[in-house]
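Peer 1: Residue numbers (our numbering): 3 to 135.
From the three backbone atoms N, C-alpha and C, an ideal C-beta is built for every residue, glycine too.
This is the structure in structure tokens:
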């Protein structure tokens with residue numbers, strides 16, 4: 003079979019796109035590369051990945067360019083950060099009033115910091131190698 007290159011897009015859902023869009027751009031510093039309000043918006047993450055934020059009420063409507071989609075409940079997204087920057091991220095997030103939900107040091111030595119976006123999605127910053135290469 004032909005190879006798959008990478009995961010190109012990851013989607014999180016939330017009904018208040020203005021709030022979650024501001025969170026990812028202003029708090030996390032991601033660059034917005036597309037805005038199709040009220041349906042959704044796209045942010046560049048690193049060199050090759052896109053984070054899509056969609057309003058599930060819009061993506062469940064049939065008749066659009068792409069098939070209907072959505073999820074129920076809160077999603078999860080993990081982003082890689084440099085090992086020496088995890089403490090700086092904790093300081094930055096707490097200074098913006100964002101509660102750190104959990105911190106984990108994994109058996110591999112990798113460390114994770116968990117917090118929530120305004121839609122309740124679980125966001126993780128991971129520093130170090132966790133998954134086998």
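Which runs of the beta strand (DSSP E) fall wholly inside the region 50 to 85 and span at least 3 residues, in chain order?
Peer 2: Segments of the beta strand (DSSP E) lying fully in the region 50 to 85: 51 to 56 and 78 to 83.
Peer 1: What number of angstroms, rounded off, separates the C-alpha of residue 66 from the C-alpha of residue 75?
Peer 2: When rounded, the distance between both Cα atoms is 23 angstroms.
Peer 1: To the nearest angstrom, report how far apart residue 69 and residue 55 are at their CA atoms.
Peer 2: Cα to Cα, the separation comes out at about 16 angstroms.
Peer 1: Could you please give me the residues that DSSP links to residue 42 through a beta bridge?
Peer 2: Bridge partners of residue 42: 38 and 56.
Peer 1: Note down, in chain order, each residue of its chain lying with its Cβ closer than 6 angstroms to the Cβ of residue 22, except the 5 sequence neighbours on either side.
Peer 2: Here the set comprises 16, 55, 119, 120 and 121.
Peer 1: Report yes if the C-beta distance between residue 127 and residue 81 is below 9 angstroms; otherwise report no.
Peer 2: Yes, they are a contact pair.
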